[in-house]
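436 is the number that my numbering gives to position 425 of the sequence shown; each next residue is one higher, with no gaps.
Using N, Cα and C, we set each Cβ at its ideal position, and we do this for glycine too.
Predicted model, so just to flag it, every value in this text is computed and none were measured.
In what follows, a structure is listed as structure tokens, so that the remarks can point back to it.
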Amino acid sequence: MSHWSIRWKWTLGNAAMLTLILCGFAGVMLVMVHRHLLRQADTALADELDELAEELRFSPTREQMLKRLDERFSVHSHYHFQITDDDGEVIFRSRFLTNILLPRPGRPSMLRGKEYSDISLPELGHFRLLTMAIRDPQSQPLLYQALSPRSALDREFRSHVWMVLTAGPLTLLVALAAGYFLAGRNLAPIGRITSTAEKISAERLDERLVIENPHDEMGRLAATLNKMFARLDRSIDEMRRFTADAAHELRSPIAVLRTETEVALRRPRSDAEYREVIAVIHAETCRLTELVDQLLTLSRHDAGLQSPLTEEVPIDALLSDVSERFQVPAQEKGVTLEIASIPAWYVLGDDVALSQLFFNLVDNAVKFTPAGGCIRLFGKSNGRTAQFVVEDTGCGIDSEHLPRLFERFYRVDPSRQQSSGGTGLGLSICKSIAETHGGSIVVESEIARGTRFLVTLPGAELSE
Ligand code: ADP
């Protein structure tokens with residue numbers, strides 16, 4: 012059954028249900044029809060017997076009674092009668108019953124009301140028998156019996172049975188065909204979704220499924236698949252861009268290394284010249300190392316391979332360390348780096364990653380703030396989350412760059428940045444770290460006035 016199509020399973024399931032319902036319905040209907048036919052036959056039999064009983068009232072003596080009965084009831088096409096006295100002696104019987112003795116349920120004096128039964132007479136067939144006790148004009152109890160053949164009743168009942176037996180399977184066949192057709196119609200959108208989805212995955216990810224009715228199940232399925240394709244399309248696109256950008260970034264330091272070594276090897280050089288080449292090679296390998304480290308960090312985050320977030324990291328202490336680390340470079344540039352009020356806040360996370368987040372932000376602030384400028388670190392908490400701000404009075408970022416600032420390899424001014432050693436990965440790593448810790452990072456900036464990075468992190472107040 013598992014290899015059957017849904018169309019056939021639905022059709023056969025419906026047919027099985029319909030068969031059960033039809034059988035139940037037909038059974039109840041036949042029982043009711045049978046009862047109705049029997050009641051009709053019994054009523055007709057009772058009417059006939061009542062008519063016979065009526066004759067009694069107008070016959071003052073038994074002889075007259077028998078005479079009248081003989082005239083009116085001895086021959087009848089359908090109903091036959093027998094009258095016996097209390098001792099079982101037959102005093103009247105239709106000609107049809109000559110030589111036939113009908114079964115006596117008891118003495119007439121013992122009988123109450125009308126009694127119906129089915130009897131079968133040898134070679135004559137089945138009959139419906141009505142037995143009733145009535146007193147004759149002399150008040151003698153007599154047993155009146157009337158019978159009629161069941162053949163008409165049985166024939167009519169059989170015709171009903173035949174009707175059910177032919178109409179039932181016919182209805183089932185029609186229902187089976189209609190069910191198969193309807194199942195096909197209802198499942199057709201799934202077929203269309205499947206073939207389009209196959210084409211989309213195999214050929215182009217930017218194609219989308221047609222949503223015929225967005226409110227029904229098929230429409231919702233197509234919409235969900237479309238969303239999935241869009242996500243897939245985006246991430247494959249991002250992956251392609253990331254790989255291309257990474258290859259591009261790796262090319263320039265490798266090209267420098269190659270050119271420098273090739274030029275150096277072209278002819279013998281002095282010690283000073285070799286030293287100069289080695290210094291360039293060292294600088295480029297440092298740049299390469301930084302780039303590869305950052306790529307590795309990002310790919311680890313993408314693969315969800317970062318360290319488990321179980322360490323209690325005190326952010327105020329962490330910011331003090333970062334600030335201390337940048338005091339000397341800031342002073343050399345003539346920039347003030349100060350740390351203002353920071354809430355005693357700890358985050359469940361990775362100490363090294365969180366340090367790297369703030370390290371990148373302060374590093375950028377020092378890089379992009381000219382002499383005389385100021386960098387401030389401060390924060391506040393609202394009990395459930397805390398916000399830490401790295402603010403500078405540097406060159407600022409044009410608003411057109413802000414929406415893409417956290418993208419991988421995105422640089423505001425690529426020519427200037429590449430020469431200063433930036434990889435364009437720092438802020439995307441910051442975003443990835445903040446999000447891994449259940450937080451977020453946003454930027455506010457104004458050209459020539461400065462930039463402010465706001466990092467929000469969940470956690471708790473440090474209790475003393
Ligand atoms: P990089 O490693 O090249 O610095 P980032 O991802 O850290 O790359 O930064 C991306 C871009 O954002 C940089 O090109 C830089 O122009 C800009 N930027 C980052 N921080 C600041 C800042 N504090 N002030 C001005 N520009 C900034």
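Taking 7 Å as the cut-off, one finds at least one heavy atom of the ligand ADP near enough to the beta carbon of R422.
Cα atoms of R460 and K378: separation of roughly 15 Å, rounded to the nearest angstrom.
DSSP, reduced to helix, strand and coil, places Y127 within a strand of the structure shown. In this structure, A445 is the residue among G394, A445 and A314 with its C-alpha nearest to the C-alpha of D361.
Fewer than three pairs of CB atoms, one per stretch, sit closer than 8 Å, so the stretch 212 to 224 makes no contact with the stretch 39 to 56. Annotation for C385 indicates a beta carbon at 7 Å or more from all heavy atoms of the ligand ADP. Excluding sequence positions up to five before and after V288, its CB lies within less than 6 Å of the CB of E271 and A275, all in the same chain and listed in chain order.
For a cut-off of 8 Å, the C-beta gap from S131 to H137 is around 5 Å, short enough to register as a contact. In the displayed model, F253 falls within a helix according to three-state DSSP.
For the options K238, G384, R269 and R298, the alpha carbon positioned closest to that of E260 is the one of R298. Not one heavy atom of the ligand ADP sits closer than 7 Å to the Cβ of A355. For Q342, the number of other beta carbons within 10 angstroms of its own is below 16, and it is reported as exposed. The beta carbon of L183 sits closer than 8 Å to the beta carbons of A26, L29, T30 and L33 from its chain, once the five residues preceding and following it are set aside; these are given in chain order.
Taken through DSSP and simplified to helix, strand or coil, P160 comes out as strand. If you check the C-beta of L348 against the ligand ADP, you find no heavy atom less than 7 Å away. Within the same chain, and ignoring the five residues on either side of K344 in sequence, the residues whose Cβ sits closer than 7 Å to its Cβ are V377 and A382. The closest CA to that of E322, considering only S456, F92, L365 and V101, is found on L365. By the Cβ-count criterion, D403 is buried, with 16 or more other Cβ atoms from all chains shown falling within 10 Å of its own Cβ. The nearest non-hydrogen atom of the ligand ADP is less than 7 Å from the C-beta of S439. Excluding sequence positions up to five before and after I102, its CB lies within less than 8 Å of the CB of R73, L77, I94, T95, D96 and L153, all in the same chain and listed in chain order.
Between the stretch 448 to 458 and the stretch 406 to 425 there are three or more C-beta pairs closer than 8 Å, enough to call the two in contact. Looking at the DSSP output, V453 bridges to L465. The secondary-structure analysis by DSSP pairs G407 with nothing; it has no beta-bridge partner. I408 has its Cβ nearer than 7 Å to a heavy atom of the ligand ADP. When the alpha-carbon of R146 is set against those of R118, E167 and L468, the nearest one is in R118.
DSSP, read as helix, strand or coil, puts P133 in coil.
Distances taken from the Cβ of D256 to the heavy atoms of the ligand ADP include none shorter than 7 Å.
Counting every other CB atom within 10 Å of its CB across the protein chains shown gives M229 a total of 16 or more, marking it as buried.
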